[in-house]
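Since the structure comes first, as structure tokens, the remarks are kept for the end.
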Amino acid sequence: MGFFEAINSVFAGYFKFSGRATRPEFWWFFLFEVLVGGAALAIDTSLVVSTLNAAAWNETALLALSPLDFMLTYYMLITFIPRMAVTIRRLHDVGLSGFFYLMYFVPIVGGLVVFVLTLLPSEADTNIHGPGPFQRGGGMPSPKPRAGGGGLAAQRKHDPMQGYAVLDKIKEQPTPEALAARKAEVRALYERRVLGKGPIVAE
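In terms of the working numbering, the sequence shown opens at residue 15 and continues consecutively.
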């Protein structure tokens, strides 16, 4: 998802508080907010400076300005709801409840906690809030199979009964002949490695 696609997605879901939002959607919109908010702040700063210049830097002249005279007022009114909605969907995407958004209102640390949560990767699988990025075709592309089919192991289908077969083999008791053969192997290995005895070779 690119910059303009993310902006369109967020504003299209202006009042959409359900579902999920991937990291690209959230952070591209965050960049949009930084750019537009910065431009609005620059315009408002210019307004304040020009007002003070006209009044010989008499600060009481600022009292004549209304909140509706500032671009940041319109910026905040327009972006508040979609920002809250995409943040809640981002929390859904990592498997959390949207109520974690209320952490924003905890002084000092609340906003930092939400910021860290929005950095977490998406849950790849479907959760209670909707399908993951792989299922709905967004986010990272799904891995493609290697040429040649990946060998025999990739072509072989998984048999769910294989695990039970292994458990059955573990439960099997070794026969006396198998135990005797194993002891003989261990004794021969000990004599060859520790005692230095090797097989007798006829000249």
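We put the beta carbon where it would ideally sit given N, CA and C, even for glycine.
Q: Identify the continuous alpha helix (DSSP H) that holds Thr93 and give its terminal residues.
A: Per DSSP, Thr93 belongs to the alpha helix (DSSP H) from 85 to 107.
Q. According to the Cβ coordinates, are Pro121 and Phe25 closer than 7 Å?
A. no
Q: With DSSP collapsed to three states, give me the class of Gly144.
A: strand
Q. In whole angstroms, what separates the C-alpha of Ala194 from that of Gly210?
A. Each residue's CA atom was taken as its position, placing Ala194 and Gly210 some 22 Å apart.
Q.
Taking the straight line between their C-alpha atoms, what separation do you get for Leu61 and Ser136?
A. Going by the C-alpha atoms only, they are around 42 Å apart.
Q. What did DSSP end up calling Glu137 once you bin it into helix, strand or coil?
A. coil
Q) What number of angstroms, rounded off, separates the C-alpha of Arg196 from the C-alpha of Tyr204? A) 12 Å
Q | Helix, strand or coil at Leu79 [DSSP, three-state] | A | coil
Q | Spatial distance of Ala53 from Ser111 (CA atoms) | A | 33 Å
Q) Whole-angstrom Cβ separation of Tyr89 and Gly27, contact assumed at under 8 Å? A) Incorrect: roughly 19 Å between the Cβ atoms, too far for contact.
Q.
Check this for me: beta carbons of Phe40 and Val100, under 7 Å apart or not?
A. It is a contact, given that the beta carbons lie within the stated cut-off.
Q) Residues in its own chain within less than 6 Å of Ile102 by CB, not counting five upstream and five downstream? A) Phe31, Gly112, Tyr115
Q: Could you tell me if Thr59 is buried or exposed, where buried requires 16 or more neighbouring beta carbons within 10 angstroms of its beta carbon?
A: Result: exposed.
Q | Beta-carbon proximity list for Ile1, same chain, < 8 Å, skipping 5 on both sides | A | Here the chain has residues from 15 to 217 only, and residue 1 is not among them.
Q. With C-beta atoms as the reference, is Gly146 less than 7 Å away from Ala138?
A. yes
(Q) Going by DSSP in three states, Ala35 sits in which element: helix, strand or coil? (A) coil
Q | Beta-carbon proximity of Leu133 to Val108, cut-off 7 Å | A | no
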